[in-house]
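Chains as they are written, first to last, in the working numbering: chain A, 1 to 286; chain B, 1001 to 1298; chain C, 2001 to 2283. Step one of this worksheet: look at the structure below.
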Amino acid sequence: MNKRFKQALGFFIVKTLVLAALTVLAAILIFLFAKGAGIISWDFLAKPPENSMTEGGIFPAILGTFYLVFFSVLFSLPPGLACAIYLNEYSPKGWFSGIIRISINNLAGVPSIVFGLFGLAVFVKQLGFGVSILSGSLTLSIVILPLIISSTQEALMTVPQSIREASMALGATKWTTIRRIVLPQATPSILTAVILSIGRAAGETAPILFTAAVFYTRELPKSLFSEVMALPYHIYALITEGTHPETQIKIAYGSSLVLLFMVLFLSMAAIRIRQRHRSHYDKIRR
Amino acid sequence: MAKKGEKIKEKLIEYFLFALSLASLVFLAGIVVTLFRESLPAFRDIGFFRMIAGRDWYPTYDPPDFGILPLIAGSFLVTLISILISVPLGLAGAVYISELAGKKEKAFLKPALELLSSIPSVVYGFWGMVFLAPFLQKHLELSTGYCALAAGIVLGIMSTPIIASLSEDALNYVPRAFKEASYALGANRWETVTRVIIPSAASGIITSVILGTGRAIGETMVVLMISGGSAILPQSFLEPVRPMTSAIAAEMGEAAFGTPHYHSLFAIALILFGITFVLNLAAEMIAKKFRLKLGASR
Amino acid sequence: MIKLDAKNRTNSADMGYTEIKDPLNKVGNFLPEKTKIKAGNLNFYYGKTHTLKDINLNIYEKKVTAIIGPSGCGKSTFIRLLNRMNDFVADSRAEGEILIDENNIFGKTADPVEIRKRVGMVFQKPNPFPKSIFDNIAYGLEINGAKDRFYIEEKVVNSLKKSALFEEIRHRLRDNALGLSGGQQQRLCIARCIAIEPEIILFDEPCASLDPISTAKIEELILELKKDYTIVIVTHNMQQALRVSDYTAFFLMGELIEYNTTKKIFENPSDRRTEDYITGRFG
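In structure tokens, the structure reads:
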């Protein structure tokens, strides 16, 4: 059998599979868009649910997700950045970094529901934070910690060694070099990491299932110890626990589309920032 | 002298960064300790083997049964179906992007992969509930569309972009010299891909499959929403199942704090954690070898 | 490699220094020059490889000392020890001593940061910071405590003038340094280095990535800087060593084979291996 035919057949199969995968993924997105687009309106975004959740909007869920995301990033950014800086700048090799690296990779692979249980046992029960924004965002912050560390590390690695040396050779201390030369260079990439982790935190459901989220709150959250509505949980709850399926499914479609837009928009922004930053770096490397 | 102060400051900063970088280790250890502590009562009272080999999961009956074999079986069945979908599709995607796509296509597809893998699982689960499950029920004439197959398909679709992007990294890591050597011997593109590039990247691809498997086993929302939720040993993939993650997510809300049910859910989580931990460790070891092997020839 | 005919070449650096009778200076320094740097029994290990072996070498104040030798002979390792840049090389270890003005830079009280302020360095590849030309130079001043804008500006301009760059870029001080040509970037790195007024400047193959015209400019600059600074230059280009240096040390496989005035090394080397190297028989 000739080589040409084999090649044509092989590539045909590969292309078919790729086309199939893309078609299905596109179909899912189009389906959700088509069903949800008519529902989203200014009122839908800005109003609380009404009439035992059969009408009105999803504002409290959006706000709740915002709080959860904001605090989880706030909590995980300091240790995340510090860890990436320490591993990359102070101790790139050695057994200690090896252990930390292994624990980061393993933490990244822990099922999200396990984080949820950990949050329940430690933050909700043991520390007595209850089902609250605090418990939920602490739990989420552990979920996104590995993501922040590894992307920040990648960002630091793109800073050429030569400019670190230049700074040190001028008599700058290590920290001065990091603060004034390395970090400013890595900032756009770190920003990318932060945005990606915002997207991740916004979409996670399992970790907040028992730590923060409730189906309905009468009032908007007042403090870190309030329980909240959250967008991903809202979708889940509407469709599995809703008492008026016909009317509530519309709200679920709308909420899905809002969440989808939010996450895709964030990822897109992150990718754009990274691409612009990369082309900037190609100039340095030249 | 300012010099001395400066030196102390430098050291303090280093210690501070060091202390904060222990966070991931502390959390991982914290998770392990918490899981053990909370699941120990279950293993002690029910017995490890009775739990793991028990065929009946009736945690709220009187007397309750805490056999988690059906849950484990459910997890494996759903994961298997998802792998059967995501591995061929993901691999094809990786080969396409790294070997066939033009520059423009690549510049579109790579970010697209990343966007797709950022879609929250609850959205996939939602789609499975409102579209796929009814669809399967109608066309396969099932009593319910919420079954292992539906969950497996959605999970497979969901992990395709992840496997594609990880495998693509592995293919990219193969030194160009290998490719050129193959072309120089008169091999065409297909032969080069199948005989040189994929075998050289094999362990990298295996790593991505293992990581994808770990994700699928640990994924919660999709199976919670569409696997059907029945905790019976499945006889076929068209039956409803209750994977481990969905059992935890569905029942933890009702399980009263400190009851055997509560502890047994932690026990499930511990087993789940053990499985993903082993998978991650395996992936890490293979990946390390892979980099060493190809690193030398780069 | 081009065969050199040292005798017919005008050596701008040849000012008729007397030969060093005891080039490795085991007995003492009989020369009129003042010793600025003294390496004593210097050894360097990278992992298990012994990359520098018992180096004894005196470097004289306000002179240019060239370090030559084939790749991997330890010449870069040697000069990176002089400002302790090798501190960052993992799994490495230095033994012996390097005295700068009689003070051991490996001593317990020695502070590498302070040492680097006194010993500037220009690298193989120009490595300006991805900042403006002005900020590239201001950075070094600021980290060394300068706060007054007027003082900083004056310093920036002066060092750009000293490095013969000012005229070319006087209207582009706020432009990104990465927009400069390679040769200009390297002169900017020199300006950045002299702005903080070191006593010693180390050049690690500064022209390795430059074209001949830029190279000539840098060499001219080195000869100019010699008036104020002690200069050590690593080069693999023997014409360059001949053109700019007063003293030359020949390294081979981690050992210092021969050290003498540049004139002596190139006209009448006493070691066969030196002769082989400078006549291009290997390397």
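Even glycine gets a Cβ: it sits at the ideal position worked out from N, Cα and C. Since we're looking at a predicted model, the values are computed, not measured.
- About 28 Å separates the beta carbons of Val-1032 (chain B) and Val-1241 (chain B), which is beyond the 8 Å limit, so they are not a contact pair.
- From the listed residues C:Leu-2202, C:Ala-2110, C:Met-2253, the smallest Cα separation to Tyr-2229 (chain C) is found for C:Leu-2202.
- In this structure Glu-1219 (chain B) does not touch Leu-1281 (chain B) by the C-beta definition: roughly 19 Å separates them, more than the 8 Å allowed.
- In the three-state reduction of the DSSP assignment, Ala-1255 (chain B) falls in the coil class.
- In summary, Asn-88 (chain A) is buried, with 16 or more beta-carbon neighbours lying within 10 Å of its beta-carbon over all protein chains present.
- By the 16-neighbour rule on beta-carbons within 10 angstroms, Ala-1029 (chain B) is exposed.
- Those residues of the stretch 97–115 of chain A placed with their C-beta closer than 7 Å to a C-beta in chain B are Ile-99, Ile-100, Ile-102, Ser-103, Ile-104, Asn-105, Asn-106, Leu-107, Gly-109, Val-110, Pro-111, Ser-112, Ile-113, Val-114, ordered along the chain.
- At a cut-off of 7 Å between C-beta atoms, Ser-162 (chain A) counts as an interface residue with respect to chain C.
- Listed along chain A, no residue sits closer than 8 Å to Arg-1050 (chain B) by beta-carbon distance, the nearest being about 22 Å off.
- As computed with DSSP, Asp-2135 (chain C) is found in no beta bridge at all.
- Here Asp-2204 (chain C) is near Ile-2079 (chain C), since their CB atoms are less than 7 Å apart.
- Take Pro-1199 (chain B), set aside five residues on each side of it, and no residue of its chain has a beta-carbon closer than 7 Å to its own.
- In terms of Cβ geometry, Ile-195 (chain A) and Leu-266 (chain A) form a close pair [threshold 7 Å].
- If you check the CB distance, Pro-2128 (chain C) and Leu-2188 (chain C) come in under 7 Å.
- Ranked by how close their Cα comes to the Cα of Gly-1067 (chain B), the residues B:Leu-1238, B:Asp-1045, B:Phe-1290, B:Ile-1083 have B:Asp-1045 in first place.
- Note that the C-beta distance between Ser-135 (chain A) and Ala-212 (chain A) is below 7 Å.
- In the structure shown, Ser-2092 (chain C) falls within a strand segment according to DSSP collapsed to helix, strand and coil.
- In the DSSP assignment, the residues bridged to Val-2064 (chain C) are C:Ile-2231.
- Note that the C-beta distance between Phe-210 (chain A) and Leu-120 (chain A) is below 7 Å.
- Along the stretch 1178–1203 of chain B, the positions whose C-beta sits under 8 Å from a C-beta of chain A are Asn-1188, Arg-1189, Trp-1190, Glu-1191, Val-1193, Thr-1194, read in chain order.
- Beta-bridge annotation (DSSP): Trp-1057 (chain B) is paired with B:Phe-1066.
- For Leu-2180 (chain C), no beta strand (DSSP E) segment is defined, and its DSSP state is neither H nor E.
- For the stretch 153–182 of chain A, the set of residues with a beta-carbon nearer than 8 Å to any beta-carbon of chain C comprises Pro-160, Ser-162, Ile-163, Glu-165, Ala-166, Ser-167, Met-168, Ala-169, Leu-170, Gly-171, Ala-172, Thr-173, Thr-176, Arg-180, Ile-181, in chain order.
- Of all residues in the stretch 64–93 of chain A, only Pro-92, Lys-93 come within less than 8 Å of chain C when Cβ atoms are compared, listed by chain position.
- Counting the other Cβ atoms within 10 Å of the Cβ of Lys-2155 (chain C) gives 16 or more, which makes it buried.
- Around the beta carbon of Leu-2042 (chain C), 16 or more other beta carbons lie within 10 angstroms, which makes this residue buried.
- Within its own chain, the residues whose Cβ lies closer than 7 Å to the Cβ of Val-1196 (chain B), once the five positions on either side in sequence are excluded, are Phe-1178, Lys-1179, Ser-1182, listed in chain order.
- Shortest Cα-Cα distance from Ala-1267 (chain B) to any of B:Leu-1224, B:Ala-1250, B:Met-1244 involves B:Met-1244.
- Between the alpha carbons of Gly-1253 (chain B) and Ala-206 (chain A) lies a gap of roughly 12 Å.
- Under the 7 Å criterion on CB atoms, Val-2234 (chain C) is classed as non-interfacial with respect to chain A.
- About 6 Å separates the Cβ atoms of Leu-145 (chain A) and Ser-1024 (chain B), confirming a contact at the 8 Å cut-off.
- Using a CB distance cut-off of 7 Å, Phe-2250 (chain C) does not count as an interface residue toward chain A.
- DSSP places Tyr-2046 (chain C) in the uninterrupted beta strand (DSSP E) bounded by 2035–2046.
- Going by DSSP, Val-124 (chain A) is part of no alpha helix (DSSP H) at all; its letter is neither H nor E.
- Closest by C-alpha distance to His-1263 (chain B), out of B:Val-1174, B:Met-1221, B:Gly-1047, B:Phe-1131, is B:Gly-1047.
- Contact between Thr-1160 (chain B) and Ala-108 (chain A) does not hold, since the beta-carbon distance rounds to 19 Å and is not under 8 Å.
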